[in-house]
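Q: Count along the sequence shown starting at 1, add 2, and that's the number in this note's numbering.
The beta-carbon is built from N, C-alpha and C at its ideal position, and this holds for glycine as well.
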Amino acid sequence: MEVNRNEATALHVQVVGEIRRAIAEGEILQGERLPPVVDLATVLGVNKNTVIRALHQLRDEGLLDFTRGRGARVVGTPQRGAVMTRIDELLVFARTQGYRREEIVALIQARSS
Numbered sequence: 003m004e005v006n007r008n009e010a011t012a013l014h015v016q017v018v019g020e021i022r023r024a025i026a027e028g029e030i031l032q033g034e035r036l037p038p039v040v041d042l043a044t045v046l047g048v049n050k051n052t053v054i055r056a057l058h059q060l061r062d063e064g065l066l067d068f069t070r071g072r073g074a075r076v077v078g079t080p081q082r083g084a085v086m087t088r089i090d091e092l093l094v095f096a097r098t099q100g101y102r103r104e105e106i107v108a109l110i111q112a113r114s115s
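1. Given a threshold of 16 other Cβ atoms within 10 Å of its Cβ, counted over all protein chains shown, does R113 qualify as buried or as exposed?
2. Please give the ranges of any beta strand (DSSP E) in the region 69-110, keeping only runs that are unbroken, at least 3 residues long and fully inside the region.
3. Would DSSP call R7 helix, strand or coil?
4. Residues bridged to D41 by DSSP?
5. Is V15 near the ligand ZN, judged by its Cβ being under 8 Å from some heavy atom?
Now the structure itself:
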């Protein structure tokens with residue numbers, strides 16, 4: 003894993019990409035725990051807060067789960083993460099168009115029938 007400080011892409015986004023790639027390529031398997039934040043930060047040459055921000059994003063995408071005292075564990079697949087990202091984008095877009103949560107759910111249910 004590595005990040006490039008000369009790239010225009012934010013460091014935490016690069017960390018997200020590196021972890022997502024490692025999961026997709028089988029370097030980190032579903033059910034496995036990630037190394038501690040401090041170790042990941044050292045390997046990647048970034049601040050631990052950058053790693054924490056990346057891990058939170060991956061958790062929000064459904065790829066990781068946090069357990070106090072046990073760290074982060076892989077619970078999803080990159081495909082699930084991609085779907086979760088698209089769902090988040092849809093929700094933001096629908097809300098900007100004036101739709102409430104219940105209306106969005108109803109639209110999805112009607113569409114899938």
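A: Result, derived from the coordinates:
1. exposed
2. 73-76
3. coil
4. Answer is none; D41 lacks a bridge partner.
5. In terms of ligand content, the structure shown is empty, and the ligand ZN therefore cannot be addressed.
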